[in-house]
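Scroll down for the structure; my scribbles are underneath it.
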Amino acid sequence: MKDEETSRWLVLVNPNAGVGKGEKDWNTITGLLDQNGLRYHAIFTGHRSHAMQLVEEHINKGVRKILVVGGDGTMNEAVNGIFNQSSVPTTSITLGMIPVGTGNDWLKTYDIPGDYEKVIPIICREDTLLQDAGMVKYRQGTEEGSRYFINMAGLGFDGFVAKKTNHDKDLGRSNAFIYLKNLISSLFSYTSSQIRVVIDDRELNENVFSISIGIGQYNGGGMRQAPQALPDDGLFDLTLIKDLSKLSVIASIRRLYNGTIGEHKRVITMVGKKIRIESDPPVFLETDGESLGHSPFEFEIIPQSLRVIINKS
Numbered sequence: 015m016k017d018e019e020t021s022r023w024l025v026l027v028n029p030n031a032g033v034g035k036g037e038k039d040w041n042t043i044t045g046l047l048d049q050n051g052l053r054y055h056a057i058f059t060g061h062r063s064h065a066m067q068l069v070e071e072h073i074n075k076g077v078r079k080i081l082v083v084g085g086d087g088t089m090n091e092a093v094n095g096i097f098n099q100s101s102v103p104t105t106s107i108t109l110g111m112i113p114v115g116t117g118n119d120w121l122k123t124y125d126i127p128g129d130y131e132k133v134i135p136i137i138c139r140e141d142t143l144l145q146d147a148g149m150v151k152y153r154q155g156t157e158e159g160s161r162y163f164i165n166m167a168g169l170g171f172d173g174f175v176a177k178k179t180n181h182d183k184d185l186g187r188s189n190a191f192i193y194l195k196n197l198i199s200s201l202f203s204y205t206s207s208q209i210r211v212v213i214d215d216r217e218l219n220e221n222v223f224s225i226s227i228g229i230g231q232y233n234g235g236g237m238r239q240a241p242q243a244l245p246d247d248g249l250f251d252l253t254l255i256k257d258l259s260k261l262s263v264i265a266s267i268r269r270l271y272n273g274t275i276g277e278h279k280r281v282i283t284m285v286g287k288k289i290r291i292e293s294d295p296p297v298f299l300e301t302d303g304e305s306l307g308h309s310p311f312e313f314e315i316i317p318q319s320l321r322v323i324i325n326k327s
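Using my numbering, you'd call the opening residue of the sequence shown number 15 and step up by one each time.
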């Protein structure tokens, strides 16, 4: 049974991703998978963290190939399942994604198309890269939590907007522009925080509007907040935006999308392997679009620890 499982893909389908796009498009996707000769076993996720549980369970049964049909959040759950299991090294698992979410930011760094007819042949070629992963420790009230991620973490304003966006998604109010809508509306209720950042042996103390910590380059549905990030260089790319007026934030939105945010005079960019962040008052965190807890945070890079399917053409 394990030999059969090793050669067959576990396909995790999030039916709710992309406001129900996962379920609506599944017949089209499964037809293309069959047409391309992919051997697979599909399971629909039923609740938050279900993908994480399924990945752990099926790796223990012998699965070594996992395909996510969902968005960045489902991908993040699969990654955490891979890192939480202890049966095999994380690099023994091949992980791919067919995007049906609203953001799909992880794929953008690799220039992987969203079109099913284009992305499925890429999956079948199985060209892979060993990319870095990040691990963050955070607080949830008085408890400490931890999470792995493979694209980007955001805190301060980023974490605040993600919290509102995820609340909208839970209520079924989601579309391609939901992050941008919440970004603009959140300007009127968010205040900057005094934050201490220790990145390797360097320290910053600033009144901070937002911080992004990137392995990949994109977040927030196409914002390029870490334009120089390389997913396999063993480094986090940190973009720190100092306190800005509301008008300055609105005027700078285009920079968030075109990759020139680092050129702004109120922005600091740095790279490093370990990052500690403390703040007053506490700030919220998101990783790969998933809302977590609050500061203090400790980030650590795990170099070339995840085998992912990329577009080499």
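Don't be surprised by glycine CBs; every beta carbon is placed ideally from N, CA and C.
Span of the alpha helix (DSSP H) holding Arg268?
Lys260 to Asn272
Strand pairing of Lys288, partner residues [DSSP]:
Glu314
Note down the Cα distance separating Gly248 from Val93, rounded to an integer number of angstroms.
17 Å
If contacts are defined as beta-carbon pairs under 8 Å, then Leu43 and Tyr162 qualify, I think. What distance do you get, rounded to the angstrom?
The sequence given here has Ile at residue 43, not Leu. Actually they are not in contact, since the Cβ atoms of Ile43 and Tyr162 sit about 26 Å apart, beyond 8 Å.
Taking the alpha-carbon positions, what's the Met111 to Val285 distance?
27 Å
Opening and closing residue of the beta strand (DSSP E) in which Lys151 lies:
Thr142 to Gln154
Identify whether Ile137 lies in helix, strand or coil by the three-state DSSP scheme.
helix
Across which residues does DSSP place Asn219 in a beta bridge pair?
Arg210
Rounded separation between Leu252 and Gly155 - CA only:
26 Å
Just to confirm, are Ile229 and Phe250 a CB contact at a threshold of 8 Å?
yes
For Arg78 and Ala265, what's the separation of their Cα atoms in angstroms?
47 Å
Below 8 Å between beta carbons: does that hold for Glu312 and Ala167?
no
Residue span of the beta strand (DSSP E) that contains Ala167, given as start and end
Met166 to Gly170
If distances are taken between C-alpha atoms only, which option among Leu201, Arg22 and Lys75 comes closest to Ala56?
Arg22
From Glu140, Arg62, Gly84 and Ala65, pick the residue whose C-alpha is nearest to that of Asp39; which is it?
Gly84
Measure the beta-carbon distance from Gly236 to Lys122 and round it to whole angstroms, keeping in mind my assumption that it falls under 8 Å.
7 Å
Quick one, which of Ile282, Tyr204 and Ala240 has its alpha-carbon nearest Arg216's?
Ile282
Limits of the unbroken beta strand (DSSP E) element including Thr108:
Thr108 to Pro113
Since Lys256 sits in a beta bridge, which residues does DSSP pair it with?
Val222
Rounded straight-line distance, which links the Cα of Ala31 to that of Glu91:
13 Å
Burial state of Asn118, where buried means 16 or more other Cβ atoms lie within 10 Å
buried
Opening and closing residue of the alpha helix (DSSP H) in which Phe1 lies:
Residue 1 cannot be examined here, being either before or after the span of the chain that is shown, 15 to 327.
Please report the straight-line C-alpha distance between Ser224 and Gln49, rounded to a whole angstrom.
45 Å
For the beta strand (DSSP E) that Leu46 lies in, which residues bound it at each end?
It is not in any beta strand (DSSP E) - Leu46 instead sits in the alpha helix (DSSP H) that spans Trp40 to Gln49.
Can you give me the start and stop residues for the alpha helix (DSSP H) that Leu68 sits inside?
His64 to Asn74
Span of the beta strand (DSSP E) holding Thr123?
Note, Thr123: premise wrong, no beta strand (DSSP E); alpha helix (DSSP H) at Asp119 to Thr123.
Just to confirm, is the Cβ distance from Ile136 to Ala147 under 8 Å?
no
CB-CB under 8 Å to Cys196, same chain, minus the five flanking residues each way: which ones, in chain order?
The identity of residue 196 in the sequence shown is Asn, whereas the question assumes Cys. Cβ neighbours of Asn196 beyond the five flanking positions: Val175, Lys178, Thr179 and Asp182.
CB-CB under 6 Å to Asp82, same chain, minus the five flanking residues each way: which ones, in chain order?
Asp is not the amino acid found at residue 82; the sequence shown has Val there. For Val82, where only same-chain residues beyond five positions count, the Cβ hits under 6 Å are Leu26, Thr88, Met89, Ala92 and Met111.
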